[in-house]
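Numbering (our numbering), first residue to last: 10 to 214.
Note that beta-carbon positions come from the ideal geometry of N, C-alpha and C, so glycine has one too.
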Ligand code: MLT
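Now the structure itself:
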């Protein structure tokens, strides 16, 4: 049976009730974040879709006009499409939506943040590595059950810390419980990011 809406994806069954929604960065694909998912939680199921947009042949989750300048209409459309895919995948593979935690890096973190802001009924928990403010929603979302971990790099040439702070405040203003860590790093993920996020994950029910 085909999943509607359809994304090229990998699903790896787990031995616990948690599912990690793995969202790759620009130029990645559905296979790249599988080892990261396993490192973060060896017993969770993993759902890893491939972004449908191509930028010079590199998969992404939504269109951008320049680095850090997003096509907002496309972003909203793609975030809703991905939320619908996650909902269909939960039925298809039989995983619990309330145990879903997104793990996104860079472009993947930005689409995860958009889903939190636009579709919190589908996604309310997330680990965001190197995320920025994707958009300001027209309506204030109810994020009272949302839990979000954000990992920023103090020397990130793409995302200044001030931008990540605005994202944390935007999520908090909707009621989200946000944990933010700043690492002495650039845009690349570090082992300290992964270790700290892994510890935070153990605090989720
Ligand atoms: C984005 O486009 O989502 C951000 O600029 C991060 C990136 O993918 O380079």
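Helix, strand or coil at residue i according to DSSP, with G and I counted as helix
i, result
"residue 142", "coil"
"residue 76", "coil"
"residue 94", "helix"
"residue 109", "strand"
"residue 132", "coil"
"residue 160", "strand"
"residue 19", "strand"
"residue 191", "strand"
"residue 39", "coil"
Residue i - containing beta strand (DSSP E), residue span
i, result
"residue 33", "No beta strand (DSSP E) holds residue 33; DSSP gives it neither H nor E."
Closer than 7 Å: residue i CB and nearest ligand 3 heavy atom
i, result
"residue 53", "Among the ligands in the structure shown, ligand 3 does not appear; only ligand 1 can be found there."
Extent of the continuous alpha helix (DSSP H) run through residue i
i, result
"residue 43", "43 to 49"
"residue 57", "Not the alpha helix (DSSP H): residue 57 falls in the beta strand (DSSP E), residues 54 to 58."
C-alpha distance - residue i paired with residue j, whole-angstrom precision
i, j, result
"residue 106", "residue 154", "13 Å"
"residue 199", "residue 167", "16 Å"
"residue 98", "residue 187", "27 Å"
"residue 204", "residue 53", "16 Å"
"residue 38", "residue 120", "14 Å"
task = Kindly provide the chain-ordered list of residues whose Cβ lies closer than 7 Å to any non-hydrogen atom of ligand 1.
result = The set, ordered by position in the chain, is 34, 35, 69, 73, 76, 77, 79, 115, 116, 119, 141, 167.
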